[in-house]
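K.L.:
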Amino acid sequence: MQAPEGSATISMVGDEPAKSKGGLFYRAKKFVASKSAGTKFGRSVINNIIGDESEEIVTTLTKIATDKHGASEAKTCKDFLYKFVAKLNVLIDEKRITQKNSAHAEAPLKNLAVQLLGAFSEADEDDEKKKSRASRSSLRGSLAGCTNTRVLRGNIERIRAIVGELFKPHMKAKNHENLLKVFDIFGSKEVLDGIINDPQLHKEKLAIFENLSKLLPEQLDKLIKLREASKPSACRASMCKYMAVPSQGQFKSSGLCAYHHYLTFKEHIKNPMLQTFLYEKRPQSYFLQYLRAAETIIKSTYGKVIGKVRPLTLFLFVRAAKSYEIAERKNRRALAFRLMQKYLNPNAATYIEPDQKLVNKLEKVIEDTDDQQTASSTRISRDAVFNATPKDLFYEVLKEVEGKLEKIFSNGYLKSGIHRLYLATVQLPPFYQQRAVEIINKKEDDGTFEKESKASKKIKIRF
0 MQAPEGSATI
10 SMVGDEPAKS
20 KGGLFYRAKK
30 FVASKSAGTK
40 FGRSVINNII
50 GDESEEIVTT
60 LTKIATDKHG
70 ASEAKTCKDF
80 LYKFVAKLNV
90 LIDEKRITQK
100 NSAHAEAPLK
110 NLAVQLLGAF
120 SEADEDDEKK
130 KSRASRSSLR
140 GSLAGCTNTR
150 VLRGNIERIR
160 AIVGELFKPH
170 MKAKNHENLL
180 KVFDIFGSKE
190 VLDGIINDPQ
200 LHKEKLAIFE
210 NLSKLLPEQL
220 DKLIKLREAS
230 KPSACRASMC
240 KYMAVPSQGQ
250 FKSSGLCAYH
260 HYLTFKEHIK
270 NPMLQTFLYE
280 KRPQSYFLQY
290 LRAAETIIKS
300 TYGKVIGKVR
310 PLTLFLFVRA
320 AKSYEIAERK
330 NRRALAFRLM
340 QKYLNPNAAT
350 YIEPDQKLVN
360 KLEKVIEDTD
370 DQQTASSTRI
380 SRDAVFNATP
390 KDLFYEVLKE
400 VEGKLEKIFS
410 NGYLKSGIHR
420 LYLATVQLPP
430 FYQQRAVEII
440 NKKEDDGTFE
450 KESKASKKIK
460 IRF
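Okay, so the sequence shown: first residue is 0 according to numbering that gives the first Met the number 0, each after it adds one.
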């Protein structure tokens, strides 16, 4: 159970679970560990295991919990924690708790540690960012700091359930209740609210943060990196005095302020275009996810349009055809033959069933560009350029395939839950939506909105 000197890691250590030993010696070790935890010597041993930092955190939490829930409840939780550490040492030593059977708890524990570090830290924030952060309903994607005690309490409840389930087989019912009670008292909304928001508990808040930082250097480093990434930056729109909206939750920053983001993305959100979802990386990933997840439905609904072709194959052809268009001139001929064999050959597994007239026309173009080559290596290299197939060789086939995908996109994808997930990445969070509306109303009053609205159309959308 010994942690590396100077730091602690959030994980359960051990190898493969040991076979059941019948339990007499094991139960005796647990009993001795539990009883010795209540003695002065036992506690000094446990303090050596958990370290001075953990001891100070428990003492500070006990002090706050005494004020919020009474001395009896706080002391019960503190005493049980000492017994629990002693028993945990035995469980790990006996390989009842191992890395394998506790792996599912590691990531949630680490995330909660980062969230608590962020909540207890003294980061400098402007009023706008504080309001924005306080308005978030979810902590996912906002690990860099959340002072919403309701949200933090919800995450502690999640850890309570995971830890409770993990240790339930190794505890008596009363001890299991006491374990859950530690989360209910030390992690209560009242205690969290006191630590985060009560000025009279400022010293206690700093003490918990400093000791947590020493215990969890990896999580502190993650918090610092998250905060660096979420630092406010100026809006990239020309002459704009506002700050860009940061990424939060599912929303991904576009480098624009609330006002310019609203104007720039308004048409994209209202009337999304297939081209965007075929050729822009993030939108493309959502459309691709839909084509894979809904393949059976797409085939049954659009069978007359796409034939027996897999929707994913149509998508892959579009991507391959676009890669051909941007390929170096000298490489086009080889790429053209490769695409024809893969997608335009009736015997290929990835045949896209194009209009045969278009294929015949395409083959004629290739034939017209194919002249005699000599054995000279210099001439062959030159011919590879001069005999290059045209850049728009697959244009007509590409448009035919895009037409098929358009039906799937308009009537299927845009009505799907996957598209709603995508919209969450580009729609402003509620606080910033309100901010955008306020700025628009102000600019309409002073007569500058119409001019700036037209100018915003020139801003390049960043997905």
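Every residue, glycine too, gets a C-beta built ideally from N, C-alpha and C. From a predicted model like this one, the values you see are computed outputs, not experimental measurements.
For Glu54, which option in Glu156, Glu209 and Ala106 has the closest C-alpha, if you only look at C-alpha atoms?
P.N.:
Residue Glu209 is the option with its Cα nearest to Glu54.
K.L.:
Kindly give me the distance between the Cβ atoms of Ile184 and His103, rounded to whole angstroms, as I take these residues to be in contact under 8 Å.
P.N.:
Incorrect: roughly 25 Å between the Cβ atoms, too far for contact.
K.L.:
Using only CA atoms, which one of Val317, Ser252 and Gln340 lies nearest to Tyr394?
P.N.:
Of the listed residues, the one whose Cα sits closest to Tyr394 is Val317.
K.L.:
So Asp92 is in the alpha helix (DSSP H); what residue range does that whole segment cover?
P.N.:
Element bounds for Asp92: Ala70 to Asp92.
K.L.:
Using 10 angstroms around the beta-carbon of Thr59, count the other beta-carbons present and answer buried if the total reaches 16, otherwise exposed.
P.N.:
Classification for Thr59: buried.
K.L.:
From the DSSP output, which residues share a beta bridge with Ala335?
P.N.:
In DSSP, Ala335 forms no bridge with anything.
K.L.:
To the nearest angstrom, report how far apart Pro271 and Lys188 are at their CA atoms.
P.N.:
Those two C-alpha atoms are separated by around 43 Å.
K.L.:
Tell me which residues share the same chain as Glu399 and place their Cβ nearer than 7 Å to its Cβ, disregarding the 5 neighbours each side in the sequence.
P.N.:
Pro353, Asp354 and Leu357.
K.L.:
Counting along the chain, where does the alpha helix (DSSP H) carrying Tyr483 start and finish?
P.N.:
A query on residue 483 cannot be resolved here, the shown segment of the chain reaching from 0 to 462 and no further.
K.L.:
I believe Leu404 touches Phe336 by the beta-carbon criterion, under 8 Å. Please report the beta-carbon distance rounded to the nearest angstrom.
P.N.:
So it is not a contact: roughly 24 Å between Cβ atoms.
K.L.:
Assuming Phe250 is part of the alpha helix (DSSP H), what are its boundary residues?
P.N.:
First-last for Phe250: undefined, no H or E at that position.
K.L.:
Which residue's Cα is closest to the Cα of Lys465: Ala206, Thr263, Ile63 and Ser409?
P.N.:
Because the chain in this structure spans residues 0 to 462, residue 465 falls outside the shown range and cannot be described.
K.L.:
Could you have a look at Thr233 and say whether DSSP puts it in helix, strand or coil?
P.N.:
For the sequence presented, residue 233 should be read as Ala rather than Thr. Ala233 falls in the strand class under three-state DSSP.
K.L.:
Do you know how far the Cα of Tyr261 is from the Cα of Leu108?
P.N.:
Roughly 37 Å separates the two Cα atoms.
K.L.:
Please return the same chain residues whose Cβ sits closer than 7 Å to the Cβ of Leu165, not counting the five positions on each side in sequence.
P.N.:
Cβ neighbours of Leu165 beyond the five flanking positions: Ser101 and Ala104.
K.L.:
Assuming Ile96 is part of the alpha helix (DSSP H), what are its boundary residues?
P.N.:
Careful: Ile96 lies outside any alpha helix (DSSP H) and carries neither H nor E.
K.L.:
If the criterion is Cβ atoms closer than 8 Å, does the pair Arg332 and Thr295 meet it?
P.N.:
No.
K.L.:
Quick check: the Cα distance between Val436 and Lys265, rounded to an integer number of angstroms?
P.N.:
When rounded, the distance between both Cα atoms is 12 Å.
K.L.:
Quick check on DSSP: helix, strand or coil for Asp445?
P.N.:
Here Asp445 sits in helix by DSSP.
K.L.:
Would you mind sorting Cys95 into buried or exposed? The rule is 16 or more other CB atoms within 10 Å of its CB.
P.N.:
At residue 95 the sequence reads Arg, which differs from the Cys that was named. Flag for Arg95 reads buried.
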